[in-house]
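Numbering (full-length UniProt numbering), first residue to last: 1 to 520.
Please read the structure below before turning to the comments.
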C-alpha cells in the first residue's frame with residue numbers, strides 16, 4: 001500500500017491507495033476528506049510548482065514525493081499559504097506508525113471498479129443537470145418510455161448540457177470535461193450508446209477530431225459569444241476505412257501470380273462465350289484487378305481490360321465475396337427484410353411528415369402490389385435516405401440537398417423502350433454508381449443496371465433488394481467513393497449491417513445515433 005501526505009491550510013491528512021491512483025480520484029478523495037465545496041482545486045508539489053494530471057502521474061513514480069498541498073483558486077491567502085513554513089516537505093512512507101486512522105483514506109478500488117464508480121458519478125451529474133433545468137423532465141420521461149430520444153429531445157438535451165457546461169467551465173471547456181459529459185450521457189442512458197464505436201459516446205463528443213453533438217453546439221455558442229466573428233474549425237480525417245481502402249483478399253483462390261498468365265486469362269475472357277469459364281478466370285485475376293482498381297492511372301482502363309462486367313451478371317457479387325467472405329456478402333439480404341426495414345419505418349415516424357415521405361412509408365408498408373411510386377423494398381430504402389439526409393456542402397457549393405433530391409442520386413427510372421445508351425450519353429459528369437431502373441412504371445421494374453463511369457452493368461436479379469445490395473458492393477469492387485449526398489446512408493449500411501471497417505470509418509454523429517437506436 002502507498003500513501004500521499006496532503007496539506008490544506010493548517011491541516012494535514014494521508015491518502016492511502018492500492019493499485020493506480022488517478023488524478024481525478026485523488027481530487028475526489030481530497031475534496032471529501034477536507035470537506036471542500038468544489039473539485040476545482042489547485043495542487044502544488046514541495047517546490048511550490050503547480051501539478052496537473054500528467055505531472056501527478058510522474059510524481060507517483062517517485063519514492064519520495066514529499067507533501068502535496070491543496071489550495072482553492074479563490075483563496076485570498078494562496079501565496080501566503082504556499083510560502084508558509086508549515087509547507088515544508090515530508091517524505092512519503094511505507095510504514096503505518098504515523099497514520100491516524102481518522103485522517104487516512106484508503107483507496108482500494110481496482111481499475112474496473114474505479115471506472116464504474118466514475119461512470120456512475122458522471123451519470124448522476126447528467127441526471128442532476130436535467131432534473132434541475134426546464135425541459136429536462138421531458139427528456140428523462142421520453143427515454144424511460146421509449147429507451148430512445150427523438151431528434152427534438154436529443155437537441156434539447158444537448159442544449160441543456162452545453163449551457164451547464166459553459167456556465168461551469170467557460171465557452172472553451174477542456175477535452176476531459178467534454179468527454180465526461182458525453183460519457184455521462186451514455187452511462188445514464190445506455191441505449192443511446194453506439195455499440196460499434198470504441199467508447200460508445202463518440203457521436204456526442206469525439207476527442208480525435210473534435211466532432212459530435214456537444215462539440216457542434218459548443219462551436220455555435222462560441223460563435224455567438226464572439227459577436228459574429230468568423231472562425232474556421234478544421235477537422236482531421238485520420239480514419240481510412242470504406243470502399244477506397246486497399247485490403248487483402250478474405251479468401252485465396254487459385255490466383256494467377258504472374259502478369260503474363262493474367263494477360264492470357266484476360267484475353268481468353270474477352271472471347272469465350274462460356275460464362276463459367278469467365279467467372280473462374282475472374283476469380284484467378286482478382287488480385288491483378290484490385291491492383292488496377294487502386295492504381296490512379298490504370299483504374300480508368302478497368303472496363304477495357306475486363307469488359308465482361310458489362311454482359312455477365314454476378315461478377316460484382318463474386319468479387320465482393322472474395323474480398324469479405326460469403327458470410328459478409330449475404331448480410332444485407334438476410335437482415336434488411338427481417339430486421340432493419342421495420343426499424344427504419346418506425347424511426348421515420350419521428351420525422352416531419354412531408355407528402356413525399358408519407359408516400360414512401362405507405363408504399364413500404366404495403367403487402368400487396370403498389371399502384372403508384374416505387375415498390376415496397378425500394379421505398380423502404382428511400383425512407384432511410386430521409387432518416388440520413390445529405391449534410392450541407394458548404395458555402396462554395398450549392399446548399400444542402402433535400403432527401404428527395406438525394407434519392408435521385410441513388411436510383412433513376414426510365415420507361416421500357418428508352419435507349420440505355422442514350423441515357424449514358426446524356427450523362428454530363430461522371431458521378432458515383434447509381435441504379436438505373438427500367439420498367440413500365442416505378443412499381444413494375446423489369447431490369448436494373450448499375451451505372452458507373454458511363455457504363456451500364458446488368459444486375460444479376462430483377463429483385464429490388466438484390467440490386468441495391470449489388471450497388472453497395474460495386475463501391476468496394478471498383479474502389480469508388482460514396483456519393484457525397486448519400487455518404488451517411490452508405491456509411492450506416494457499411495458499419496451497421498455489413499459490419500465492414502467499423503473501427504476505422506469516420507461517421508457523421510447522426511449516423512452513429514441512428515446506429516445506436518437500431519442496435520439496441
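Don't be surprised by glycine CBs; every beta carbon is placed ideally from N, CA and C.
Leaving out five residues on either side along the sequence, give the residues of the same chain with a beta carbon under 6 angstroms from the beta carbon of residue i.
| i | result |
| --- | --- |
| residue 436 | 412, 449, 451 |
| residue 76 | Confidence at residue 76 is low in this model, with a pLDDT of 47, below 50, so the placement of that residue should be treated as unreliable; the coordinate-derived value is given next. Excluding positions up to five away in sequence, the list is empty. |
| residue 370 | 363, 443 |
| residue 147 | 191 |
| residue 382 | 360, 407 |
| residue 133 | 160 |
| residue 308 | 269, 278 |
| residue 8 | 34, 70 |
| residue 186 | 192, 193, 200, 201 |
| residue 343 | 518 |
| residue 177 | 169 |
| residue 3 | 14, 16 |
| residue 36 | none |
Can you look up residue i in the DSSP assignment and give me helix, strand or coil?
| i | result |
| --- | --- |
| residue 172 | coil |
| residue 423 | helix |
| residue 372 | coil |
| residue 202 | coil |
| residue 411 | strand |
| residue 305 | helix |
| residue 490 | helix |
| residue 361 | helix |
| residue 509 | helix |
| residue 243 | coil |
| residue 439 | strand |
| residue 122 | helix |
| residue 521 | Coverage of the chain is limited to positions 1 through 520, which leaves residue 521 absent and any answer about it impossible. |
| residue 197 | coil |
| residue 273 | coil |
| residue 13 | strand |
| residue 133 | coil |
What's the C-alpha gap between residue i and residue j?
| i | j | result |
| --- | --- | --- |
| residue 312 | residue 282 | 11 angstroms |
| residue 207 | residue 503 | 15 angstroms |
| residue 190 | residue 150 | 15 angstroms |
| residue 159 | residue 193 | 19 angstroms |
| residue 170 | residue 347 | 36 angstroms |
| residue 279 | residue 315 | 7 angstroms |
| residue 259 | residue 287 | 11 angstroms |
| residue 447 | residue 439 | 7 angstroms |
| residue 432 | residue 188 | 41 angstroms |
| residue 418 | residue 425 | 13 angstroms |
| residue 209 | residue 463 | 41 angstroms |
| residue 321 | residue 328 | 7 angstroms |
| residue 493 | residue 72 | 51 angstroms |
| residue 118 | residue 31 | 15 angstroms |
| residue 340 | residue 499 | 14 angstroms |
| residue 331 | residue 474 | 15 angstroms |
| residue 179 | residue 256 | 51 angstroms |
| residue 261 | residue 267 | 10 angstroms |
| residue 356 | residue 404 | 8 angstroms |
| residue 54 | residue 491 | 37 angstroms |
| residue 470 | residue 365 | 23 angstroms |
| residue 349 | residue 224 | 33 angstroms |
| residue 338 | residue 505 | 26 angstroms |
If you drop the 5 nearest sequence neighbours on each side, which residues of the same chain put their C-beta closer than 7 angstroms to that of residue i?
| i | result |
| --- | --- |
| residue 184 | 122, 123, 125, 126 |
| residue 323 | 247, 249, 250, 476 |
| residue 162 | 214, 217, 218, 221 |
| residue 182 | 201, 204, 205, 212, 214 |
| residue 293 | 299, 302, 478, 479 |
| residue 165 | 173, 177, 181 |
Report back the beta-carbon spacing between residue i and residue j to the nearest angstrom; my notes put them in contact at under 8 angstroms.
| i | j | result |
| --- | --- | --- |
| residue 489 | residue 333 | About 17 angstroms separates the two Cβ atoms, so there is no contact after all. |
| residue 409 | residue 359 | At roughly 19 angstroms, the Cβ-Cβ gap does not stay under 8 angstroms, so residue 409 and residue 359 are not in contact. |
| residue 310 | residue 520 | So it is not a contact: roughly 43 angstroms between Cβ atoms. |
| residue 5 | residue 67 | 5 angstroms |
| residue 139 | residue 336 | In fact, because the Cβ distance is near 31 angstroms, the residues do not count as touching under 8 angstroms. |
| residue 290 | residue 254 | Between residue 254 and residue 290 the Cβ distance is about 16 angstroms, and since that is not below 8 angstroms, they are no contact. |
| residue 345 | residue 514 | Not confirmed; about 13 angstroms, so no contact. |
| residue 512 | residue 197 | 6 angstroms |
Once the 5 residues before and after residue i are set aside, which same chain residues still bring their CB inside 8 angstroms of it?
| i | result |
| --- | --- |
| residue 373 | 359, 360, 363, 379, 442, 443 |
| residue 275 | 312 |
| residue 501 | 241, 242, 245, 494, 495 |
Going by the C-beta, is residue i closer than 8 angstroms to any heavy atom of the ligand MG?
| i | result |
| --- | --- |
| residue 296 | Although the ligand MG was asked about, the structure shown includes no ligands whatsoever. |
(request) Scan the segment 308-332 and note each continuous alpha helix (DSSP H) run of 4 residues or more that stays entirely inside, going in chain order. (result) 315-324, 326-329
(request) Pick out the complete beta strand (DSSP E) segments inside the segment 17-74, 3 residues or longer, and give them in chain order. (result) 42-44, 67-71
(message) Quick check on the DSSP output: what are the complete alpha helix (DSSP H) runs of length 4 or more inside the segment 144-192, in order along the chain?
(response) DSSP runs (the alpha helix (DSSP H)) wholly in the segment 144-192: 151-169, 175-188.
(request) Enumerate, from N- to C-terminal direction, the unbroken beta strand (DSSP E) stretches of 3 or more residues contained entirely within the segment 448-497. (result) 455-458
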